Structure formats: structure tokens, C-alpha cells
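**Student:** Take this structure first; my questions come after.
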Amino acid sequence: DVISVGNSLVDFYCKCGILETAFTVFKDMPRKNVVSWNALISGLAFNGKGEDGVDLFEEMIDKGVKPNDATFVGVLACCVHGGLVQRGRDLFAAMISNHQIKPKLEHYGCMVDLLGRSGCLKEAHDLISNMPMKPNAALWGALLSACRSHGDMELAECAVKELINLEPWNSGNYVLLSNIYAERGKWDEVEKVRMLMRENSIKKAPGQSMIG
1 DVISVGNSLV
11 DFYCKCGILE
21 TAFTVFKDMP
31 RKNVVSWNAL
41 ISGLAFNGKG
51 EDGVDLFEEM
61 IDKGVKPNDA
71 TFVGVLACCV
81 HGGLVQRGRD
91 LFAAMISNHQ
101 IKPKLEHYGC
111 MVDLLGRSGC
121 LKEAHDLISN
131 MPMKPNAALW
141 GALLSACRSH
151 GDMELAECAV
161 KELINLEPWN
171 SGNYVLLSNI
181 YAERGKWDEV
191 EKVRMLMREN
201 SIKKAPGQSM
211 IG
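First residue of the sequence shown? That's 1 in UniProt numbering, and the numbers climb one at a time after it.
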């Protein structure tokens, strides 16, 4: 139908980075549904236009369009790309309290990414720890990456241990933990990691290097 064609075109032009045309198609659509708004909001996030995406979300709400969980993945991604930390916090809270939408792993992932990039590492860790569902490796990986970027090796150690629990077969996690210990001068712990790898028959992949 006409709406589906319009939505596909908006999505296509956003993915090609042709935002002006995406906006034109969106504005010229005689009828829109929530998918239409989601396509453009997510497209703006994809192209690094976070503030514009949040503005479009506000316009959507003002027009009485009911958002769904995909809308919030898009608008939280806009906050990530725009560095809009407080806005992201507010939207995440509003999602639950105003719109009665239960956050999924994707929403938590956006929030951990947003908080982690801005250096709010303890808040990101607390969010993961208090989730109603089991966190996945992507969440701990996002926190780990943020901890390493901001130099918080203590929290990085915690994150990589969680990754090892989730992915005991992944040699990269052991190498990361070993290198974190080495960077902190914890040579006894480095040796323990190596022993653990031997006990679990974990072999270091080609190209991975362990310090010390």
C-alpha cells in the first residue's frame, strides 16, 4: 500500500545518507503510521543527526502518534549519537511511566552506550546490575569498551569477568582480562588467567597478544 511504499523510501534514502529527500518523501506522504516516524527517527540516528531525531520524536508525540518499543530504540540511539545524556535518561524513564512500554535489551543497550560514552560508568553498571532480565554479552561489552576508554580498569575487570561467565569459550575475553591485570601490575592474577585458560583448554586466537 501507499504507506508501506513511503516507509520503504524513507528508510532507503536515510540508509543512503540522502536525508533531504527522505524528509521530502516523509512530508509528502498523505498518510503516515508509527513505522513512518520510526523510519525517519532511526535514519536520523544512523546519520548522526541525534538532536533532529529527538525533535522529530517530540513532534510525533505532539501530533498524538502513539510510540512503540521500536520508536524508543530509535530515539535513544539519537541520544547516543547526539551525546544527549539527560535527554536519554528522561526518555528512558518516560518510556516506562508515560507510555507503559517495558524496556527490552535493545533499550538497555542504548542507555549503557549513552552513559558509558559520557563517562557515567557507575550509573551504566548499576543499570545493567538492576535489569529485570539477564544482561547479554553486548551490554557487558559496551560497558567494557567505555571503561577502557575512560581508564576505569577496576570496572573493566568486573565487566570482562561477566563476559567470561557468559562466553567461557571466547579466548578474547581471557586475553582482555589478562591484559587488564598486566596494565595494573597484578602479575599473580595474570598467571591465574593463564592457568584457567589451560584448565578450560582455551587457546589464544592468532593475532591476540597477552602482556607479560
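All C-beta atoms, glycine included, are put in the ideal place defined by N, C-alpha and C. Because the structure is a prediction, the values reported are computed rather than measured.
For A159, which residues in the same chain have their Cβ closer than 7 angstroms to its Cβ, ignoring the five residues on either side in sequence?
**Tutor:** Locating residue 159 in the sequence shown gives position 159, where the first residue counts as 1. Closer than 7 angstroms at Cβ, skipping near neighbours: W140, L143, L144, C147.
**Student:** Taking the alpha helix (DSSP H) that N130 belongs to, which residues open and close that run?
**Tutor:** Translated into the one-based positions of the sequence shown, residue 130 becomes position 130. Per DSSP, N130 belongs to no alpha helix (DSSP H) and is neither H nor E.
**Student:** What separation, rounded to the nearest whole angstrom, lies between the Cα atoms of residue 215 and T21?
**Tutor:** It is not possible to answer for residue 215, since the shown part of the chain is limited to 1 through 212.
**Student:** For K122, which of helix, strand or coil comes out of DSSP?
**Tutor:** For this step, residue 122 is matched to residue 122 along the sequence shown. Helix.
**Student:** Considering only heavy atoms of the ligand ZN, does any lie closer than 6 angstroms to the CB of Y13?
**Tutor:** Ligands in the displayed structure: none, and consequently the ligand ZN is not present.
**Student:** List the whole-angstrom C-beta distance separating C79 from V54, where the pair is believed to meet the contact cut-off of C-beta under 8 angstroms.
**Tutor:** Translated into positions along the sequence shown, residue 79 becomes position 79. Translated into positions along the sequence shown, residue 54 becomes position 54. Contact holds; Cβ gap of about 7 angstroms.
**Student:** Enumerate in chain order the residues of its own chain whose CB-to-CB distance from V75 is below 7 angstroms, with the five nearest sequence positions on each side excluded.
**Tutor:** On the sequence shown, residue 75 is found 75 positions in, with the first residue counted as 1. Same-chain partners within the cutoff: I41, G53, V54, F57, L91.
**Student:** With V35 as the anchor, note down where its alpha helix (DSSP H) starts and where it stops.
**Tutor:** The residue given as residue 35 occupies position 35 in the sequence shown. Counting along the chain, the alpha helix (DSSP H) containing V35 begins and ends at 34–46.
**Student:** In whole angstroms, give me the CA-to-CA distance for L176 and G109.
**Tutor:** Numbered from its first residue, the sequence shown carries residue 176 at position 176. Numbered from its first residue, the sequence shown carries residue 109 at position 109. Approximately 21 angstroms between the Cα atoms of the pair.
**Student:** Counting C-beta neighbours from all protein chains within 10 Å, is the total for R198 16 or more, i.e. buried, or is it exposed?
**Tutor:** Numbered from its first residue, the sequence shown carries residue 198 at position 198. R198 is exposed by the Cβ-count criterion.
**Student:** Ignore the nearest five residues each way along the sequence and tell me which others in T71's own chain have a CB closer than 8 angstroms to its CB.
**Tutor:** Numbered from its first residue, the sequence shown carries residue 71 at position 71. Cβ neighbours of T71 beyond the five flanking positions: V34, W37, N38, I41, F57, M60.
**Student:** Alpha carbon to alpha carbon, what distance is there between G82 and Y181?
**Tutor:** Position 181 of the sequence shown holds residue 181. Position 82 of the sequence shown holds residue 82. When rounded, the distance between both Cα atoms is 34 angstroms.
**Student:** Where do the ends of the alpha helix (DSSP H) carrying S4 lie?
**Tutor:** Along the sequence shown, read from residue 1 onward, the residue named residue 4 stands at position 4. 2–15 is the extent of the alpha helix (DSSP H) around S4.
**Student:** Cα-Cα, which of N47, V112, P67, A94 is closest to N130?
**Tutor:** Translated into positions along the sequence shown, residue 130 becomes position 130. The shortest Cα separation from N130 among N47, V112, P67, A94 belongs to V112.
**Student:** Please work out which residues of its chain come closer than 7 angstroms, Cβ to Cβ, to P135, disregarding the five sequence neighbours upstream and downstream, and give them in chain order.
**Tutor:** Reading the sequence shown from its first residue, position 135 is the one you call residue 135. If we look at P135 and ignore the five residues flanking it on each side, its Cβ neighbours are I128.
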